[in-house]
Amino acid sequence: MNKRKLILVIGGSRSGKSRFAEQYCTKVQQATGLPVTYLATCPKIDSELEQRIAAHIERRPAEWGCIEETADVANRIRELDETAGVLLLDCLSLLLNNWMWDKESQGQAAPLSEKEVLELTRDLIEACRNYPHPVVVVTSEVGAGIVPESKLLRQYRDYLGLMNQLFAGESDAVYALIAGIPVNLKEIQAAL
Numbered sequence: 001m002n003k004r005k006l007i008l009v010i011g012g013s014r015s016g017k018s019r020f021a022e023q024y025c026t027k028v029q030q031a032t033g034l035p036v037t038y039l040a041t042c043p044k045i046d047s048e049l050e051q052r053i054a055a056h057i058e059r060r061p062a063e064w065g066c067i068e069e070t071a072d073v074a075n076r077i078r079e080l081d082e083t084a085g086v087l088l089l090d091c092l093s094l095l096l097n098n099w100m101w102d103k104e105s106q107g108q109a110a111p112l113s114e115k116e117v118l119e120l121t122r123d124l125i126e127a128c129r130n131y132p133h134p135v136v137v138v139t140s141e142v143g144a145g146i147v148p149e150s151k152l153l154r155q156y157r158d159y160l161g162l163m164n165q166l167f168a169g170e171s172d173a174v175y176a177l178i179a180g181i182p183v184n185l186k187e188i189q190a191a192l
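Residue numbering for the sequence shown is 1 to 192, as defined by my numbering.
Here it is in structure tokens:
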């Protein structure tokens with residue numbers, strides 16, 4: 001566990017993905033003595049989200065550092081030095097939401113293009129890969145459900161699927177959480 005790694009944790013809503021990622025970081029911390037820094041992408045936009053954020057804060061160890069960054073995550077990671085220790089990025093799905101919402105809220109006529117999302121994602125992967133310690137990234141699996149009604153939501157689903165594929169391809173381990181049970185997909189992936 002003390003090797004520099006990029007770890008992706010993916011699952012549906014309430015699958016246990018954040019809890020698993022926190023437990024994983026705790027094990028890395030115990031094995032290496034490194035501190036843990038939680039990089040949160042969730043904006044505090046309403047009371048329900050504030051309650052979810054509070055639950056996450058209450059659950060994780062008090063000595064963990066926390067950085068709140070809702071959009072420019074790659075550059076925030078680049079600004080960190082090695083004293084930040086293990087990095088827990090929670091989560092890609094909210095980050096994509098923020099990217100899309102920021103562009104829409106700024107009055108830009110066109111939503112993010114697929115090319116822009118892929119460029120932003122590759123930049124984030126590069127920042128994670130260049131970070132000196134393990135990076136654990138949490139994301140949601142949203143492509144296994146009903147086809148969304150609106151074009152913007154279908155775009156979100158498709159973009160997140162592409163982001164998840166890029167991160168999974170670059171990750172050393174990919175843990176899928178189903179009903180709280182983690183499965184390392186890289187260990188069981190089919191060979192072509």
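Cβ atoms here follow ideal geometry from the backbone N, Cα and C, with glycine treated the same way.
- At least 8 angstroms separates the beta-carbon of Ser171 from that of Ser13.
- DSSP places Asp90 in the uninterrupted beta strand (DSSP E) bounded by Val86 to Asp90.
- Burial state of Asn164 is buried, judged by a 10 Å Cβ sphere holding 16 or more other Cβ atoms.
- Judged by DSSP secondary structure, Glu68 falls within the beta strand (DSSP E) whose first and last residues are Gly65 to Glu68.
- With contacts defined as CB atoms closer than 8 angstroms, Pro43 and Gly65 fail to qualify as a contacting pair.
- The beta carbon of Glu22 lies closer than 6 angstroms to those of Arg60 in the same chain, with the five residues before and after it left out.
- In this structure Gly180 touches Ser15 by the C-beta definition: roughly 7 angstroms separates them, less than 8 angstroms.
- Tyr38 has its alpha-carbon roughly 8 angstroms from the corresponding atom of Glu68.
- Under DSSP, Leu8 shares a beta bridge with Val137 and Val174.
- Secondary structure note for Leu39: its beta strand (DSSP E) is the uninterrupted segment Val36 to Ala40.
- In the DSSP assignment, Pro182 is bridged to Leu177.
- Note that the C-beta distance between Gly11 and Ile178 is below 8 angstroms.
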